[in-house]
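Going line by line, the protein sequences match chains D and U. Quick note on numbering: this note's numbering labels position 8 of the first sequence as 8, and the sequence is numbered without any gaps. Quick note on numbering: this note's numbering labels position 66 of the second sequence as 1066, and the sequence is numbered without any gaps.
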Amino acid sequence: DTAVSQTPKYLVTQMGNDKSIKCEQNLGHDTMYWYKQDSKKFLKIMFSYNNKELIINETVPNRFSPKSPDKAHLNLHINSLELGDSAVYFCASSQDVTGGENHNEQFFGPGTRLTVL
Amino acid sequence: GEDVEQSLFLSVREGDSSVINCTYTDSSSTYLYWYKQEPGAGLQLLTYIFSNMDMKQDQRLTVLLNKKDKHLSLRIADTQTGDSAIYFCAESPLYKLSFGAGTTVTVRA
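This is the structure:
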């Protein structure tokens, strides 16, 4: 069984459109994340959620709106897509929050490749 | 990322050792990580080290940590073709992982 799954795997759309990417984890984890990987493979945190509550928003434009209907799901909705949004978006989860004195392994989904034309 | 730096490329002959170096800035990171990304896939955790340790060995993998210089390295012994991938170093400030830009390792026969 896939631990962290994302849909769709590929998404091609026109500038200005609104799209969503879904993420589900079946690991029973409390914390979920969205990362963006650009064309140079640079990977950067976008959002962190713990128990459905937002704990990190890394200066992401407000066109991006994450939604966590329950602890197993963290979806990413993007309004008014721009060319610069083209990237691979990774969802991840961990048992509890990562960082500081906590080691909680993050498990990554397979990624969603978004191409904005 | 700007806080974690790695060299971008490494080419190694099959059977040789690979060494990937990383420098980080966040002194609050109690754990430091190495992740591996194969083509078209997500990241998977390779290994990690507690910041009070100098070295950790896990089969073919050896992690060295110099906390004073904030320098981390990953050595892969007897590198195989299946080791060709991008390797990311990561520090762990609160609530997230901060990744380096990744080192693309190419294993040649």
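Glycine included, each C-beta is placed from N, C-alpha and C at the ideal position.
Neighbour flag for residue i against chain D, beta carbons, 7 Å
i: I1049 of chain U; result: no
i: I1086 of chain U; result: yes
i: F1099 of chain U; result: yes
i: L1043 of chain U; result: yes
i: T1030 of chain U; result: yes
i: L1010 of chain U; result: no
i: L1094 of chain U; result: yes
i: G1082 of chain U; result: no
C-beta atoms of residue i and residue j nearer than 7 Å
i: K1068 of chain U; j: S1051 of chain U; result: no
i: Q6 of chain D; j: A72 of chain D; result: no
i: T1081 of chain U; j: F1009 of chain U; result: no
i: L1094 of chain U; j: G99 of chain D; result: yes
i: T115 of chain D; j: I21 of chain D; result: no
i: S80 of chain D; j: G16 of chain D; result: yes
i: K1036 of chain U; j: L1046 of chain U; result: yes
i: I1049 of chain U; j: V1063 of chain U; result: yes
i: T1023 of chain U; j: E1005 of chain U; result: yes
i: Q106 of chain D; j: A92 of chain D; result: yes
i: L76 of chain D; j: Y49 of chain D; result: no
i: F108 of chain D; j: G1042 of chain U; result: yes
i: L1061 of chain U; j: D1054 of chain U; result: no
i: K44 of chain D; j: S68 of chain D; result: no
Any chain U beta carbon closer than 7 Å to residue i
i: G100 of chain D; result: yes
i: H150 of chain D; result: With chain D represented from 1 up to 117, any question about residue 150 of chain D goes unanswered, as that position is not in the structure.
i: V60 of chain D; result: no
i: S48 of chain D; result: yes
i: I21 of chain D; result: no
i: P66 of chain D; result: no
i: K41 of chain D; result: yes
i: G109 of chain D; result: yes
i: E53 of chain D; result: no
i: E105 of chain D; result: yes
i: V116 of chain D; result: no
i: V12 of chain D; result: no
i: V97 of chain D; result: yes
Own chain, CB closer than 8 Å to residue i, minus 5 neighbours either side, in chain order
i: D1026 of chain U; result: D1003, E1091, S1092, P1093, S1098
i: N102 of chain D; result: D96
i: V60 of chain D; result: M46, F47
i: S1017 of chain U; result: R1075, I1076, A1077, D1078, T1079
Residue range of the beta strand (DSSP E) that includes residue i
i: N1066 of chain U; result: 1061-1066
i: D33 of chain D; result: Here residue 33 of chain D turns out to be Tyr, not Asp, going by the sequence shown. It spans 31-37 - the beta strand (DSSP E) in which Y33 of chain D sits, taken as one unbroken run.
i: E101 of chain D; result: Where E101 of chain D is concerned, there is no enclosing beta strand (DSSP E), given that its DSSP letter is neither H nor E.
i: R63 of chain D; result: Neither: R63 of chain D is in no beta strand (DSSP E) and is coded neither H nor E.
i: K44 of chain D; result: 43-50
i: Y10 of chain D; result: 10-13
Residues bridged to residue i (per DSSP)
i: R1075 of chain U; result: U:V1019, U:T1062
i: H73 of chain D; result: D:E24, D:D70
i: Q1037 of chain U; result: U:L1043, U:I1086
i: V1107 of chain U; result: U:V1012
i: Q1006 of chain U; result: U:C1022
i: A92 of chain D; result: D:Y33, D:F108
Own chain residues within Cβ distance below 6 Å of residue i, not counting five before or after
i: M32 of chain D; result: Y49, L74, S93
i: V12 of chain D; result: T115
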